[in-house]
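Position one of the sequence shown corresponds to residue 22 (this note's numbering), numbered consecutively onward. Working notes, structure below.
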Amino acid sequence: MHETSVTKGILSHGDYEAFQQFLQQACGIVLGAGKEYLVSSRLGGLMRHYDIATVGELLNQLHHGRNPSLKTGIIDAMTTNETFWFRDMAHFNLLQQRILPELCDRSASRIRIWSAACSSGQEPYNISMVVEEFLARNRGRFNAMTEIVATDISQRILEAARRGIYCGMSASRGLSAEQSKRYFVRTGDCLEVRPEIKRRVSFRNANLTQGYELLGRFDIIFCRNVLIYFSRTQKQEILTRMARILNPGGYLLLGSTESLSGHSDQFDMISESGGIIYRLK
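In structure tokens, the structure reads:
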């Protein structure tokens, strides 16, 4: 009862519909019906900070441009940034066992990997760890320079990702003791990513619903567990743009619950070693 009354106090039905439209236009996220309390709980801290009583007042301030930082704050609050180390391990196995050897056989001098919607940085750092291990196992055979571009829409989460320092649960979830020792420096309850892993990764702000051709071309794109937040039309547009910036024969990796079915016919599906990846035709 308390949660319902709080929600109704700051978020009317009309304001919720207006906020749905704003969020979809701002960053492509589609909020379904019945998510009013999620909006209220996510925005509560931001609204208290700016002394804003209702979502309607918040939208009014956005409309009149009274506080340019509000839009960034809302996007930071509403984007989900929960992840963990080596999520969907089959993809990292395929990266090491199939994709990197194939690029090595092509005698590529430079390999570019995009980690889209990278959240707090675990995914791009994991990719760099896999590259590090592959280099160690293929000394003299694999000499390509590897660049990992990691992007997210949230400035706040990108700043945290750049630091590469993880504390508490985020420091250990998904890591073995051997991986913690090999790839991190421990300081108390926190782990910091080692410099040799960090230096391959650059972090940039990017909105998947807008143009990102300036990021350049890639051999591999990780776009995992994010397309589920977009409409069908937006998914198709995002996948079409990604196909344009993938090099011939490049790979696209989606989340384990995501599929290209009905969204794009520009890729061949490969099911191997317990994982599914897509190769540009």
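We put the CB at the ideal spot given by N, CA and C, even for glycine.
Report task. Check Val51 in the structure and name its three-state DSSP category. Result -> coil
Requested in this report: Look up Glu213 in the DSSP assignment and give the residues it is bridged to.
Outcome: Ile186, Val206
Query raised in the report: If you draw a straight line from the C-alpha of Phe105 to the C-alpha of Leu64, how long is it?
Result: 24 Å
Query raised in the report: Tell me the DSSP bridge mates of Glu293?
Result: Gly296
Requested in this report: Compute the Euclidean distance between the alpha carbons of Glu14 and Cys211, then round it to the nearest angstrom.
Outcome: Nothing in the structure corresponds to residue 14, since the chain is present only between 22 and 302.
Requested in this report: For the beta strand (DSSP E) holding Pro269, just list the boundary residues, first then last.
Outcome: 267-275
Query - Spatial neighbours of Val214 in its chain, beta-carbon cut-off 7 Å, leaving aside the 5 residues before and after - result: Tyr146, Gly185, Tyr204, Phe205
Report task. Name the two residues that bound the continuous alpha helix (DSSP H) containing Thr172. Result -> Unbroken run through Thr172 is the beta strand (DSSP E), 166-173; no alpha helix (DSSP H).
Query raised in the report: Helix, strand or coil: which one does DSSP assign to Cys125?
Result: helix
Query raised in the report: For Gln118, which residues from the same chain have a beta carbon less than 7 Å from its beta carbon, with the 5 sequence-adjacent residues on both sides left out?
Result: Ser294
Query raised in the report: Straight-line CA distance for Gly161 to Asn114?
Result: 21 Å
Query - Spatially closest choice to Tyr71 from Tyr58, Asn88, Val60, Ser62, by CA coordinates - result: Asn88
Query raised in the report: Excluding five sequence neighbours on each side, which residues of the same chain lie with their C-beta closer than 8 Å to the C-beta of Asn228?
Result: Cys48, Gly49, Ile174
**Report entry** Pair within 8 Å by beta-carbon distance, Cys139 and Ala182
**Finding:** yes
Query raised in the report: Nearest-angstrom Cα distance between Tyr37 and Tyr58?
Result: 10 Å
Requested in this report: Specify whether the segment 229-240 and the segment 264-272 touch according to this definition: at least 3 beta carbon pairs, one from each stretch, less than 8 Å apart.
Outcome: yes
Requested in this report: Return the first residue and the last residue of the beta strand (DSSP E) that Val247 is part of.
Outcome: Note, Val247: premise wrong, no beta strand (DSSP E); not H, not E.
Query raised in the report: Leaving out the 5 sequence neighbours to the left and right, which residues in its chain are closer than 8 Å to Glu144 when beta-carbon positions are compared?
Result: Thr104, Arg108, Ser136, Ala171, Phe243, Arg245
Query raised in the report: For the candidate residues Ala54, Ser90, Asn81, Leu116, whose alpha-carbon lies nearest to that of Ile298?
Result: Leu116
Report task. Classify Ser193 as helix, strand or coil using the three-state DSSP reduction. Result -> helix
Query raised in the report: How many angstroms separate the CA atom of Ser130 from the CA atom of Arg265?
Result: 21 Å
**Report entry** Val222 - partner residues in DSSP beta bridges
**Finding:** Ile169
**Report entry** In DSSP terms, what Phe107 is bridged to
**Finding:** In the DSSP output, where bridge partners are listed per residue, Phe107 has none listed.
Query - Assigned secondary structure, His23 (DSSP; H/G/I helix, E/B strand, else coil) - result: Residue placement at His23 cannot be trusted, given a pLDDT of 40 that sits under 50; what the coordinates show is reported in the next sentence. Residue state, collapsed to three classes: helix.
Query raised in the report: Any idea what DSSP makes of Phe251, helix, strand or coil?
Result: coil
Query raised in the report: Is the shortest distance between the beta-carbon of Arg265 and the beta-carbons of chain B less than 8 Å?
Result: Absent here is chain B; the protein component of the structure consists of one chain.
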